[in-house]
Structures are given as structure tokens and as C-alpha cells.
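In the numbering used here, the protein residues as written are 8 to 308.
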């Protein structure tokens with residue numbers, strides 16, 4: 008689900024700003040940095056604004072997005088939960104929180120939001136979030152209904168084609184999934200979610216070379232797409248190339264030190280390669296990440 012988080016986390020950011028905002032120029036500079044991948048620069052802008060305006064929720068919202076993009080999940084969640092508490096009308100923060108909780112398998116927290124404010128929200132974005140949540144909980148038909156509604160309401164909603172294609176795939180509706188994901192890639196060649204999952208579907212249909220080619224192309228064109236690199240590493244280890252997969256996974260965790268799935272696979276491959284000390288270190292990181300996720304939940308001490 009990491010590719011899901013990468014794909015949807017910026018869906019609603021552009022609507023978080025107001026032209027009448029006296030800090031709009033500084034906020035826009037941060038947003039440009041965020042959208043271009045200059046995450047440290049963007050975070051610095053928002054932290055500077057918050058130093059003198061600690062209750063400025065628009066800046067804290069985008070700071071939370073930066074933190075999530077940098078892999079600092081616990082910090083990002085805390086920032087967005089503060090926004091949600093101080094500005095309950097900020098649906099963008101709620102959408103981002105739902106996508107984050109789903110990506111991290113924190114389903115109880117996602118469900119709290121879905122069952123309260125998002126239950127009666129009939130916008131395309133809310134349908135998208137409910138559908139994503141249902142997909143993550145393996146309610147594929149329910150997810151498809153929500154996502155098809157979202158796509159009907161707003162065919163240009165970023166990410167809706169790829170998420171619908173992914174859900175078709177999980178629902179064993181590959182004949183619908185493949186053309187939907189191919190269409191998503193034509194619409195947005197940088198859609199790592201669509202590229203990665205389409206690669207898996209190609210593999211399942213014994214189109215392994217196409218799968219590998221697609222993911223290798225994705226990684227080459229978007230070196231920062233560590234979700235695609237993670238999936239390529241999984242394909243690589245499935246072909247018996249453990250050492251090559253480890254090299255890829257080490258790049259993933261270097262860039263995203265909270266990527267639990269990469270550490271889980273690294274622990275297994277290190278053990279397979281007779282590197283018990285490295286395997287133990289990876290398992291220890293997994294335990295620490297599990298504890299951090301639990302601590303990040305609202306109400307945890």
C-alpha cells in the first residue's frame with residue numbers, strides 16, 4: 008500500500024490555500040517546493056510560518072504532508088490530527104489522514120473518520136476515500152461501487168482510475184483492471200501506483216518480462232519512486248536473485264526509513280544470504296516501527 012500513499016497524498020493539497028490569505032505568497036512557495044519534491048525546503052517554510060502563527064492550520068496541514076512524504080509517518084500523523092482537532096471543517100486533512108491510515112494498515116483510525124464525517128460526505132473525494140478504505144479492508148465490491156461513483160462524478164479526479172484498476176485486480180476482475188490501469192498510465196505517466204500494480208498483473212498473467220520491463224522503466228524514469236522499486240525488488244527476489252533484491256531494498260529503506268514492508272523482506276533475505284546480524288538488525292527495526300505506529304494513534308501515551 009505504500010504506492011497508494013505516494014499517489015494520493017497530494018490529491019487535495021492545492022485546495023488548502025486561499026488567495027485572500029495574507030501569507031499566501033509564502034504558502035505558495037512552500038507548495039511549489041513540496042510539489043517539486045524539495046521536501047526539506049517546503050517543511051522549513053511551513054515551520055517558519057508556524058513559529059509566529061502556531062494555530063495556522065493551513066501551514067500545519069502542509070507540514071504534515073511534507074512529513075509523510077519524507078517518511079516521518081508518526082510526525083505527519085500528529086500534525087494532521089492537530090489540524091483535524093483545531094479545524095474540524097478541514098476535509099482535506101481528513102482525506103489525507105484516511106489515505107495515510109489505510110496505507111499503514113491502521114484501519115481502526117481510518118474507520119473512525121469514515122464512520123463520522125465522511126459517512127455523509129457525497130463529494131467525489133469522499134467517495135474516493137471511502138472506496139480506498141473499503142479496498143484496503145478487502146471489501147472489493149463495496150470499494151468498486153464507491154470508486155466508480157467517484158469516477159462518474161469527477162472523471163479527472165487524480166488517482167481514481169488507478170485505484171479503481173487496483174481494486175478490480177484484487178476483485179479478480181483482471182479483464183477490467185488491466186485496461187483501467189493502462190488508461191491511468193496514459194492519463195498520467197508518473198502514476199507509480201498504476202505502473203506498479205499493472206506490473207504485478209502482467210506477472211500474474213505470465214507476462215513476467217513485461218512486468219519487469221514496466222517496473223524497471225518506472226524506476227529509471229522516476230528514481231524517487233521507491234514504491235515501484237520495492238515492487239521490483241519483490242519480483243527480483245521471486246526470480247531467485249536475492250542479492251540484487253537486497254541492493255534495491257537497501258535503497259528503499261535509506262530513502263524511507265519507516266518502510267516496514269522493505270525491512271520485513273530484508274530480514275528474510277539477509278537470513279537467506281547467511282547474514283544473521285543484518286537480519287536481526289532488520290527485525291529490530293520492524294519491531295521499532297510497529298511500536299511507533301502504535302504510539303502515533305490518538306490517545307496513546
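Ideal Cβ placement from N, Cα and C applies to all residues, glycine included.
Extent of the continuous alpha helix (DSSP H) run through residue 34: It spans 31-42 - the alpha helix (DSSP H) in which residue 34 sits, taken as one unbroken run.
Unbroken alpha helix (DSSP H) run spanning residue 3, endpoints: Coverage of the chain is limited to positions 8 through 308, which leaves residue 3 absent and any answer about it impossible.
Coil, strand or helix - residue 164 by DSSP: Here DSSP, grouped into helix, strand and coil, assigns residue 164 to coil.
8 Å contact criterion, which residue 94 and residue 64 should meet: CB distance rounded: Approximately 4 Å separates the beta-carbon atoms of residue 94 and residue 64; this is inside 8 Å, confirming the contact.
Beta-carbon spacing of residue 168, residue 158 below 8 Å: In contact: residue 168 and residue 158 (Cβ atoms closer than 8 Å).
CA-to-CA distance, residue 162 to residue 288, given in whole angstroms: Using only the alpha carbons, I get a separation of about 46 Å.
Proximity test, Cβ basis, 8 Å: residue 296 and chain C: This model lacks chain C altogether; it includes just one protein chain.
Rounded Cβ spacing between residue 154 and residue 176 (contact assumed at less than 8 Å): Wrong, their Cβ atoms sit about 12 Å apart, outside the cutoff.
Nearest-angstrom Cα separation, counted from residue 120 out to residue 221: The straight-line gap from Cα to Cα measures roughly 36 Å.
Straight-line Cα distance separating residue 61 from residue 281: For residue 281 and residue 61, the gap between their C-alpha atoms comes out near 51 Å.
Nonlocal neighbours in the same chain, by C-beta distance under 7 Å from residue 251, ignoring five residues either side: Same-chain partners within the cutoff: 243.
Neighbourhood of residue 211 by C-beta distance below 6 Å, restricted to the same chain and skipping five residues each side: If you ignore the 5 residues before and after residue 211, its C-beta comes within less than 6 Å of no other C-beta in its own chain.
Option in 271, 149 and 73 with minimal Cα separation from residue 285: Residue 271 is the option with its Cα nearest to residue 285.
Own chain residues within Cβ distance below 6 Å of residue 151, not counting five before or after: Excluding positions up to five away in sequence, the list reads 174.
Which listed residue (127, 160, 179 and 165) has its alpha carbon closest to that of residue 142: Scanning 127, 160, 179 and 165 for the CA closest to the CA of residue 142 turns up 179.
Of the residues 57, 235, 59 and 74, the one placed nearest residue 41, counting alpha carbons only: The residue with the shortest Cα to Cα distance from residue 41 is 74.
Residue range of the unbroken alpha helix (DSSP H) whose run includes residue 240: In this chain, the alpha helix (DSSP H) harbouring residue 240 covers 233-245.
Within the segment 165-206, ranges of the alpha helix (DSSP H) (whole runs, at least 4 residues): Runs of the alpha helix (DSSP H) lying entirely within the segment 165-206, each at least 4 residues long, are 167-177 and 181-194 in chain order.
Cβ-based neighbour list, residue 149, same chain, cut-off 7 Å, excluding 5 preceding and 5 following: These residues qualify, in order along the chain: 141.
Pairwise C-alpha distance: residue 217 and residue 200: Approximately 16 Å between the Cα atoms of the pair.
Test item: CB-CB of residue 87 and residue 100 under 8 Å: Yes, these two residues count as a Cβ contact at 8 Å.
Nearest to residue 234 (by Cα), restricted to the options 247, 125 and 261: Checking every option, the nearest Cα to that of residue 234 belongs to 261.
Backbone secondary structure at residue 23 - three-state DSSP: Its pLDDT being 49, under 50, residue 23 is placed unreliably by the model, and nothing is read from it.
Residue 132 versus 268, 114, 164 and 34, residue with shortest Cα-Cα distance: Here the closest residue by C-alpha is 164.
For residue 11, the three-state DSSP class (helix, strand or coil): The predicted position of residue 11 is uncertain, since its pLDDT is 45 and thus under 50; no value can be drawn from it.
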